[in-house]
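Structure record follows, encoded as structure tokens.
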Amino acid sequence: MMLKTDLTFMGNREFCLFEDNPVPKLHHLNRYHRQEGILNPNPVPIELVQRFTKFSEIPCSRENLSTCYSALNQNADFVSATFNKYFWTFGNWMDDIQFEYKYSQDFRKMQTKYFFTTKYPDWFSVADDSKGLEDFIAYTILSETLYNITIPESIFVNDKYLYFGSATFRYLRGNHQIILIGRKSCSFISCYGIQHERSYELYTKPFHRGVWISIFLVILSFIGLTWATNSFFGNETEPPTGRQVRMSVVEIVIASFSILLEISLSAIDRVIPCKFSAIFWLWILSCVVISNMYKDVFTSEVIKSFRRNPIESNRNSQDMKFIN
């Protein structure tokens, strides 16, 4: 009875056999070793089964038994860290059909689609196809255990630890807490680190040099055509009528920028007053400044991703100042 190897039997105790010889030995039982069940009911990578034996032999010294116990603890921790993750399952992945636990078809499709060929799938697609937040969290926690493994249909619950997400079941066997020992996060939408830009490059950044050259070539071409038209009208003996209007240099420049700003202007048939011209140019300048400031100072900083480095140990917090 003591050698019953169900994972949910007698809690999380470790089992070992002591061999009393001139050189005593400890034989530590690998409770996760399921050589007869590589494919069913608990899929474990076959290389792990071949790498670890069912009993680990630990030599001891009668003169110094503390080293023997230390080696036993290290071996138990190493075996548990290697195998334990393959014996967890999420409660919502199971279907209770006629007193038999089976994996749901949705979970089997998700495992085949996203995790069979890679340990790190496209998490945005996984999140879209997950049934909820806790379902998605379960996939992120157990993703490595779903890689390159054929998931069986039936579930042998005596050899499974059950993860229920944020729910707790104190008196249900096989229910254990997953202890968070680390995390990684990346924020894609944040106002962190936004600073005011104090350079004149702010007004020219949105366009590359080639774009600016193209813009000025368009303006010069339009000015040249208009100037040629004015020269043609200037050679005529009769004054222009209707829409044949001579345009000054200022009017030509204004019309050129109006075309670039997609502003519809009627034919200019009179000289623009100086005060109105100044207001008009101030309006154009304000449009350029405001749009560029919004694009460069705010938008580009908001979508810029950054990685937060959490405190890994007490040593990292020695230089930090805390306010009570």
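Numbering follows UniProt numbering, in which position 74 of the sequence shown is assigned residue number 74; successive positions increment by one, without gaps.
Built from N, CA and C at the ideal position, the CB exists for glycine as well.
Fair warning: this is a prediction, and the values are worked out from it, not measured in the lab.
Straight-line measurement puts the Cα of phenylalanine 78 at about 32 angstroms from the Cα of serine 104.
Counted as a single uninterrupted DSSP element, the stretch harbouring cysteine 16 is not any alpha helix (DSSP H) but the beta strand (DSSP E) occupying residues 16-19. Per DSSP, phenylalanine 124 lies in no beta strand (DSSP E) segment; the continuous alpha helix (DSSP H) that holds it begins and ends at 123-129.
If you check the CB distance, glycine 91 and leucine 162 come in under 7 angstroms. In the DSSP assignment, the residues bridged to proline 59 are Lys25. Pairing lysine 102 with proline 152, the inter-Cα distance amounts to about 8 angstroms. With fewer than three CB-CB distances shorter than 8 angstroms, the region 111-120 does not count as touching the region 59-79. Going by C-alpha positions, threonine 53 is about 38 angstroms away from leucine 133. Restricting attention to Ala138, Arg31, Lys131, the CA atom closest to the CA of cysteine 16 is found in Arg31.
Just measuring C-alpha positions, the residue of Ser154, Leu282, Phe18 sitting nearest arginine 62 is Phe18. Beta bridge pairing from DSSP links phenylalanine 90 with Tyr163. By the Cβ neighbour-count rule, lysine 160 is buried, with 16 or more other Cβ atoms within 10 Å of its own.
Residue Cys60 holds the alpha-carbon nearest to the alpha-carbon of valine 23 among Val44, His208, Cys60.
In the DSSP annotation of this structure, valine 44 is not part of any alpha helix (DSSP H), being labelled neither H nor E.
If you draw a 10 Å sphere on the C-beta of isoleucine 46, you find fewer than 16 other C-beta atoms in it, and that means exposed.
Note on geometry: alpha-carbon atoms of isoleucine 219 and tryptophan 212 lie some 11 angstroms from one another. The criterion of a C-beta distance shorter than 7 angstroms is not satisfied by histidine 33 and glutamate 57.
Counting along the chain, glutamate 134 sits inside the alpha helix (DSSP H) bounded by residues 133-141. With respect to serine 143, phenylalanine 136 sits apart: the two C-beta atoms are not nearer than 7 angstroms. Counting along the chain, the unbroken alpha helix (DSSP H) around glutamine 105 starts and ends at 105-110. Phenylalanine 124 sits exposed, since fewer than 16 C-beta atoms from the chains shown fall within 10 Å of its C-beta.
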